Amino acid sequence: MKDYEVIVGVAGEGGGISLLGIQTPDGWKYCRESNESTRFDDLFDEGYASTNPLRNRSEIVNTWEEALKLLDRYPWAQLHPLKVHPEFQWKVWSEVLRRTRDFARNNRLQEWFDVCFPEDSDLARFSLWLRQSKFTVVLTGAGMSTESGIPDFRSKDGWWRQIDPQKVATVNALENHYDLFHQFYQFRIRGLEKCQPHRGHYILAEWEENGLIHSIATQNVDGFHQQAGSKQVYELHGSIRKIRCQNCELPADADAFLEGKGCNTCGGKLRPDVVLFGEMLPQYTWNNALHAIQKADLVVVIGTSLQVYPVNQLPAISKGKTVLINAESTDQDQMFDLVVRGKAGEILQQVNEILF
Numbered sequence: 001m002k003d004y005e006v007i008v009g010v011a012g013e014g015g016g017i018s019l020l021g022i023q024t025p026d027g028w029k030y031c032r033e034s035n036e037s038t039r040f041d042d043l044f045d046e047g048y049a050s051t052n053p054l055r056n057r058s059e060i061v062n063t064w065e066e067a068l069k070l071l072d073r074y075p076w077a078q079l080h081p082l083k084v085h086p087e088f089q090w091k092v093w094s095e096v097l098r099r100t101r102d103f104a105r106n107n108r109l110q111e112w113f114d115v116c117f118p119e120d121s122d123l124a125r126f127s128l129w130l131r132q133s134k135f136t137v138v139l140t141g142a143g144m145s146t147e148s149g150i151p152d153f154r155s156k157d158g159w160w161r162q163i164d165p166q167k168v169a170t171v172n173a174l175e176n177h178y179d180l181f182h183q184f185y186q187f188r189i190r191g192l193e194k195c196q197p198h199r200g201h202y203i204l205a206e207w208e209e210n211g212l213i214h215s216i217a218t219q220n221v222d223g224f225h226q227q228a229g230s231k232q233v234y235e236l237h238g239s240i241r242k243i244r245c246q247n248c249e250l251p252a253d254a255d256a257f258l259e260g261k262g263c264n265t266c267g268g269k270l271r272p273d274v275v276l277f278g279e280m281l282p283q284y285t286w287n288n289a290l291h292a293i294q295k296a297d298l299v300v301v302i303g304t305s306l307q308v309y310p311v312n313q314l315p316a317i318s319k320g321k322t323v324l325i326n327a328e329s330t331d332q333d334q335m336f337d338l339v340v341r342g343k344a345g346e347i348l349q350q351v352n353e354i355l356f
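At position 201 of the sequence shown (counting the first as 1) the number is 201 in full-length UniProt numbering, and the numbers step up by one without a gap.
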């Protein structure tokens, strides 16, 4: 007959608490055992369950949810962790994060991480840093938008592979080849109408609302972050959803641009309010993003190959921890404290499930 195993073991002043489990043909069965003795190490000897009678044992329950209710009669997540069963490491870590939001920046969370993941885990470490950080900034690139159906500029199917940007996304094209310039951006704007923010955009907005992140600096011009609900967004390359006059710089209606009309005020050429090749980044927006990243305890870079200057310099100016989430390797991987390989939306969804 199998013995009960320690699923979670914690210690506090004057005693220890354990969630014990036994695997049966019908699944795991659980009970809580409390020990007012200070000899907590006895609870985790391999022969303990078979050679010593369990004292102060609770009723037996059949589900993980019921087992958590047994534990939650005590502030177990705030106590000193002693042991976590390997098969339950993710479940326990997720529950600890949910129960320690107000205590996430103390050393206890690090103790839980070390006990749950003795061999480390990229996603778990990322979730730990998110909880520990007092000020987190996210920097997103084209890879953040590909899951919404927008091709990455530099992918084999990207916009720039189909049309040379040096010919159309420039001030020269705007002033001297306006038909080509207009056709290109009309195509992009129309294509954007068919796309929507994906789950990853909404997760970042939820994290901002919950205080996990504090601002987003983005190279993308699609406006998906704001559409998903993010408030503090620095659009480093402008917004394709905004139209202005090249001559007088007054804002204009998007339909007027799509229809090929000129400015109602001065008759000048209309253009999307994006940064064209050779133009300066919007200084106010750049300064705000720069200040935020300099202040950050954690900078999370998502979906960018970091090829475009000067945005690719931003992670390097951070004095905090840095994380890169990207589907492919980049030449800048070595500069990050943690690299998580995968699609933006999928990774954010996995981390969100751990956190909440």
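Where is the CB? At the ideal position from N, CA and C, for every residue including glycine. All figures in this text were calculated on a predicted structure; none of them were measured in a lab.
(request) Give the DSSP-derived three-state secondary structure of N326 in the structure shown. (result) Against the sequence shown, residue 326 aligns to sequence position 326. Correct three-state label for N326: strand.
(request) Identify every residue that forms a DSSP beta bridge with T136. (result) For the purposes of this step, residue 136 is taken as residue 136 along the sequence shown, with counting starting at 1. Looking at the DSSP assignment, T136 forms a beta bridge with L298.
(request) Assign E208 to buried or exposed, taking buried as 16 or more other Cβ atoms, counted over all protein chains shown, within 10 Å of its Cβ. (result) Position 208 of the sequence shown, counting from 1, holds the residue named residue 208. E208 comes out buried.
(message) How far does the beta strand (DSSP E) with residue 433 in it extend, from its first residue to its last?
(response) The structure shown does not extend to residue 433, since the chain is modelled only from 1 to 356, so the question has no answer here.
(message) I'd like the span of the alpha helix (DSSP H) that includes I347, first residue to last.
(response) Mapped onto the sequence shown, residue 347 falls at position 347. Unbroken alpha helix (DSSP H) run through I347: 344 to 355.
(request) Could you confirm whether any beta carbon from chain C is found closer than 8 Å to the beta carbon of E206? (result) Of the protein chains in this structure there is only one, and it is not chain C.
(message) Cutting at 8 Å between CB atoms, please list the residues of its own chain near Q349, excluding the five before and the five after it.
(response) In the sequence shown, the residue the question calls residue 349 occupies position 349. Cβ within range, chain order: R199, G200, I203.
(request) Confirm, please, whether the CB-CB distance from P272 to Y185 is below 8 Å. (result) Within the sequence shown, the letter at position 185 stands for residue 185. Within the sequence shown, the letter at position 272 stands for residue 272. Yes; because the gap between Cβ atoms is below 8 Å, this pair is in contact.
(message) If you reduce the DSSP assignment to three classes, tell me which class G9 lands in.
(response) Your numbering for residue 9 matches position 9 in the sequence shown. Note: G9 maps to strand in three-state DSSP.
(request) Taking S215 as part of the beta strand (DSSP E), name the residues at either end of that continuous run. (result) Taking the first residue of the sequence shown as 1, we reach residue 215 at position 215. Per DSSP, S215 belongs to the beta strand (DSSP E) from 215 to 218.
(message) How far does the alpha helix (DSSP H) with L82 in it extend, from its first residue to its last?
(response) Counting from 1 along the sequence shown, the entry for residue 82 is found at position 82. Note, L82: premise wrong, no alpha helix (DSSP H); beta strand (DSSP E) at 80 to 84.
(request) Check whether the Cβ atoms of L236 and A296 sit closer than 8 Å, and answer yes or no. (result) To locate residue 236, count along the sequence shown from 1; it is residue 236. To locate residue 296, count along the sequence shown from 1; it is residue 296. For L236 and A296, no; Cβs fall outside 8 Å.
(message) Check for me: the beta strand (DSSP E) holding C245 runs from which residue to which?
(response) The residue given as residue 245 occupies position 245 in the sequence shown. Per DSSP, C245 belongs to the beta strand (DSSP E) from 238 to 245.
(request) From the DSSP output, in three-state form, read off G223 for me. (result) Counting from 1 along the sequence shown, the entry for residue 223 is found at position 223. G223 falls in the coil class under three-state DSSP.
(message) With DSSP as the reference, identify every bridge partner of Q23, one or two as the case may be.
(response) Counting from 1 along the sequence shown, the entry for residue 23 is found at position 23. Q23 pairs with W28.
(message) Here's the rule: buried if 16 or more other CB atoms are within 10 angstroms of the residue's CB, otherwise exposed. What is R73?
(response) Here the question's residue 73 lines up with position 73 in the sequence shown. Exposed.
(message) Quick check: the Cα distance between S239 and K91, rounded to an integer number of angstroms?
(response) The residue given as residue 239 occupies position 239 in the sequence shown. The residue given as residue 91 occupies position 91 in the sequence shown. For S239 and K91, the distance between alpha carbons rounds to 41 Å.
(request) Could you check which residue in R32, Q334, V323 has the C-alpha nearest to that of V340? (result) The sequence position of residue 340 within the sequence shown is 340, counting from 1. Answer by Cα proximity: V323.
(message) For T304 and W76, I'd like the C-alpha separation in whole angstroms.
(response) On the sequence shown, residue 304 is found 304 positions in, with the first residue counted as 1. On the sequence shown, residue 76 is found 76 positions in, with the first residue counted as 1. Straight-line Cα distance between these residues: approximately 40 Å.
(message) Using a 10 Å radius around the Cβ and a threshold of 16 neighbouring Cβ atoms, would you call T51 buried or exposed?
(response) The residue given as residue 51 occupies position 51 in the sequence shown. Confidence at T51 is low in this model, with a pLDDT of 43, below 50, so the placement of that residue should be treated as unreliable; the coordinate-derived value is given next. Per the 10 Å Cβ criterion, exposed.
(request) State the beta-bridge partners of Y234 as determined by DSSP. (result) Position 234 of the sequence shown, counting from 1, holds the residue named residue 234. According to DSSP, which records beta bridges pairwise, Y234 is partnered with A217.
(request) Indicate whether E279 and V171 have their beta-carbon atoms separated by less than 8 Å. (result) Counted from its first residue, the sequence shown places residue 279 at position 279. Counted from its first residue, the sequence shown places residue 171 at position 171. Closer than 8 Å, so yes.
(message) Output needed for E111: all residues of its chain with C-beta closer than 6 Å, excluding positions within five of it in sequence on either side, in chain order.
(response) For the purposes of this step, residue 111 is taken as the residue at position 111 of the sequence shown. So the qualifying residues of the chain are P81.
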